[in-house]
Amino acid sequence: MNEKITWYVSRSSGWVAFALLAFTVVWGILGITKIIERRGLPRWMLDLHRFLALLTVIFTGVHLAALVADNFIPLDWKPGAVTWGIVAFYLMVAVQVSSWLRSRLPRKVWRGVHLLSYPALWMVALHGLRAGSDAGTLPVKIGVIGVIGATSFFTLMRILGSGPRRRAVAAFDAATAPATPASGATAGNSPPPPTLVLDGHPRR
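The following block contains the structure:
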């Protein structure tokens, strides 16, 4: 039984890491697109998002350590599938480090690195389906396809929703920009500032 402990740990930690990564990506999309809109929730969502991301890296590290400690699988076993997993781990580490250094990085750099979470998730899915010992079972196939499908759905919602939101913000900025007052205009009869409507909520 002791000889199989590392094998059981590697299998379970790998699938847990995959589930955590998918949940992290989806939760981040929900927070960015404001699909869930409640007072005081965005800060709580951000903290949970960071915690899930850290757990993902930890469980992936446990998965790798258990595989190294296990002597059942040779190092050259399914090199292509293993490579997908290794590259995904590097991407996850890069995303996690960029989150820690977010205040010191330019926003474009941080955002570009953060978007690596999406290819990392798809690489992990390929790694699990090709290298996982349980990949041939129907529940695993359904689970992986379901996770990728759900993530793709929320990603599409984010892409479709980002355009109108950016246009609304740009229009609001243009409307509220300081302008030279017209001839005869006075402060007393100046129109009120326009109202920005985002996600169904008016904002000044």
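Here numbering that gives the first Met the number 0 is used: position 137 in the sequence shown is 136, and no number is missing along the way. Idealized CB from N, CA, C, for every residue including glycine.
Item: Between the C-alpha atoms of residue 55 and residue 101, what's the straight-line distance to the nearest angstrom?; Value: 19 Å
Item: Write down every uninterrupted run of the alpha helix (DSSP H) in the stretch 87-156 whose length is 4 residues or greater and which is fully enclosed by it, in chain order.; Value: 106-113, 116-130
Item: Given a threshold of 16 other Cβ atoms within 10 Å of its Cβ, counted over all protein chains shown, does residue 145 qualify as buried or as exposed?; Value: exposed
Item: Please state the DSSP three-state secondary structure of residue 77.; Value: coil
Item: I'd like the list of long-range same chain contacts for residue 117, defined as Cβ closer than 6 Å, with 5 residues on each side in sequence excluded.; Value: none
Item: How many whole angstroms separate the CB atoms of residue 20 and residue 139, which I take to be in contact at a CB cut-off of 8 Å?; Value: Contact flag wrong, Cβ pair sits at about 16 Å.
Item: Would you grab the beta carbon distance between residue 77 and residue 10 for me? Rounded to a whole angstrom, and I think it's under 8 Å.; Value: Contact doesn't hold; Cβ gap of about 15 Å is too wide.
Item: By how many angstroms is the C-alpha of residue 22 removed from the C-alpha of residue 51?; Value: 8 Å
Item: Thinking C-beta only, is residue 95 closer than 8 Å to residue 45?; Value: no
Item: Once you ignore the five residues that flank residue 80 on each side, which residues in its own chain have a CB closer than 6 Å to its CB?; Value: 126, 129, 130
Item: Under 8 Å between the Cβ atoms of residue 119 and residue 62?; Value: no
Item: Give the straight-line distance between the Cα atoms of residue 28 and residue 155, rounded to the nearest whole angstrom.; Value: 10 Å
Item: Here's the rule: buried if 16 or more other CB atoms are within 10 angstroms of the residue's CB, otherwise exposed. What is residue 87?; Value: buried
Item: What would DSSP say about residue 69, mapped onto helix, strand or coil?; Value: coil
Item: With a threshold of 8 Å on Cβ separation, who are the neighbours of residue 26 within its own chain once the five nearest residues in sequence on each side are excluded?; Value: 44, 47, 48, 51
Item: If we ignore side chains and look at the alpha-carbon of each, how far apart do residue 65 and residue 147 end up?; Value: 26 Å
Item: Below 8 Å between beta carbons: does that hold for residue 97 and residue 104?; Value: yes
Item: Report the CB separation of residue 93 from residue 112 in whole angstroms; it is logged as a contact under 8 Å.; Value: 6 Å
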